[in-house]
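**Q** Numbering follows our numbering, with no gaps: position 142 of the sequence shown is 411.
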Amino acid sequence: MEYHPLPQPDEIEIRVREDAMGAYFMMFATAALGLPLPVLNLIAAIIYYYVNRSKGRFVQFHTLQSLYSQLPVSFLNIGLVVWLVINLVNDLSFTEVFWGYLIMTAIANIIYLIVSIIGAIKARNGLFYYFLFFGKLAYQQVYRVRNNEHSGTAVNAPPKM
């Protein structure tokens, strides 16, 4: 499989780096409201991806990786919020399973927060930071040369007009 060449940090404009960095802050979309609304964070990440993906492969990679990595954490958070509301509305007790799920979800959010901050810093510096599983997936989708494209690395290619 052939891939497009990766840009070097000094080849990436500051504005492009900042757009890539912004993708990792979509997890805070509802933090200003102080509400646990993980669906809105996910919607914000999806909108950010579609608005910014045309700004180049570097931005598209980081926005796609951020979006993919936010999916499992958002689903965990949605499950926790739904379970919490059901327990509060129906006056049910909070079982050990609920507390275990809450702790697991909190740990997943902390790990996601740390990894996303690292990703944001790397993107701001014009670097790639590959998340476990999601980084490879995003890289292959963004940088893979498709049938109707070329990588730009062809030898003795005719000049572009």
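Glycine included, every Cβ here is placed at the ideal spot set by N, Cα and C.
Considering only the beta carbon of each residue, do GLN339 and LEU311 sit closer than 9 Å?
**A** yes
**Q** Can you name the start and end residues of the alpha helix (DSSP H) that ALA377 belongs to?
**A** 365-393
**Q** Taking C-alpha atoms, which residue in SER323, LEU361, PHE327, PRO274 lies nearest to ASN394?
**A** PHE327
**Q** Could you pull out every residue in the same chain whose Cβ sits closer than 7 Å to the Cβ of LEU333, ignoring the five residues on either side in sequence?
**A** Here the set comprises TYR318, ALA407, GLN410, VAL411.
**Q** Helix, strand or coil: which one does DSSP assign to TYR399?
**A** In the structure shown, TYR399 sits in coil (DSSP, three-state: anything other than H, G, I, E or B).
**Q** Let me make sure I understand the geometry here. Which of PHE294, ASP288, GLY348 has the alpha-carbon closest to that of VAL320?
**A** Cα-wise, what sits closest to VAL320 is ASP288.
**Q** Of the residues GLY348, LEU275, SER335, LYS405, which one's Cα is nearest the Cα of ILE432?
**A** It is not possible to answer for residue 432, since the shown part of the chain is limited to 270 through 430.
**Q** Compute the distance between the beta-carbons of TYR398 and LYS405, then report whether it is under 9 Å.
**A** For the pair TYR398 and LYS405, the CB atoms are not nearer than the 9 Å cut-off.
**Q** Where do the N-terminal and C-terminal ends of the alpha helix (DSSP H) with ARG284 fall, by residue?
**A** First-last of the alpha helix (DSSP H) with ARG284: 283-291.
**Q** The alpha helix (DSSP H) spanning PHE265 covers which residue range?
**A** This structure leaves residue 265 out entirely; the chain is present only between 270 and 430.
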